[in-house]
Amino acid sequence: SGRRVRSSLSMTGEITLRGKLLPVGGIREKVLASTRLGIKEIILPEGNRSDWSDLPPNVKKQIKARFFKNTSEAILYALSE
Numbered sequence: 207s208g209r210r211v212r213s214s215l216s217m218t219g220e221i222t223l224r225g226k227l228l229p230v231g232g233i234r235e236k237v238l239a240s241t242r243l244g245i246k247e248i249i250l251p252e253g254n255r256s257d258w259s260d261l262p263p264n265v266k267k268q269i270k271a272r273f274f275k276n277t278s279e280a281i282l283y284a285l286s287e
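Take the sequence shown: its position 11, counted from the start at 1, is 217 in our numbering, and no numbers get skipped.
Below is the structure:
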């Protein structure tokens, strides 16, 4: 498409052959690393919502999380303005 993902956005997850977005480990570390880099928003698999809930409120205030079940929705969001 030639469109770039915003530099203030990070994403993580495992992708199946059918495009499903699966949960991954290390969410706390990935979110903390993203905030240290100045990332303002992170795309996470829906299956990692409980990991997000476990993060301290002061961390969640620094970065917004978006949850998706499949890669097509995540990519559409990542490429949106």
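C-beta: ideal position from N, C-alpha, C; glycine also.
Determine the DSSP secondary structure at residue i, reduced to helix, strand or coil.
{"i": "K236", "result": "helix"}
{"i": "K226", "result": "strand"}
{"i": "L243", "result": "coil"}
{"i": "I269", "result": "coil"}
{"i": "L261", "result": "coil"}
{"i": "E220", "result": "strand"}
Closest to residue i by C-alpha separation, out of the options, would be which residue?
{"i": "G232", "options": "L282, R255, G244 and R210", "result": "R255"}
{"i": "K267", "options": "W258, F273, F274 and K275", "result": "W258"}
{"i": "E247", "options": "G219, T277, K270 and S286", "result": "K270"}
{"i": "R272", "options": "P251, R210 and S278", "result": "P251"}
{"i": "D260", "options": "A284, L238, I281 and R210", "result": "L238"}
Quick one: give me the first and last residue of the alpha helix (DSSP H) that residue i is part of.
{"i": "S214", "result": "Careful: S214 lies outside any alpha helix (DSSP H) and carries neither H nor E."}
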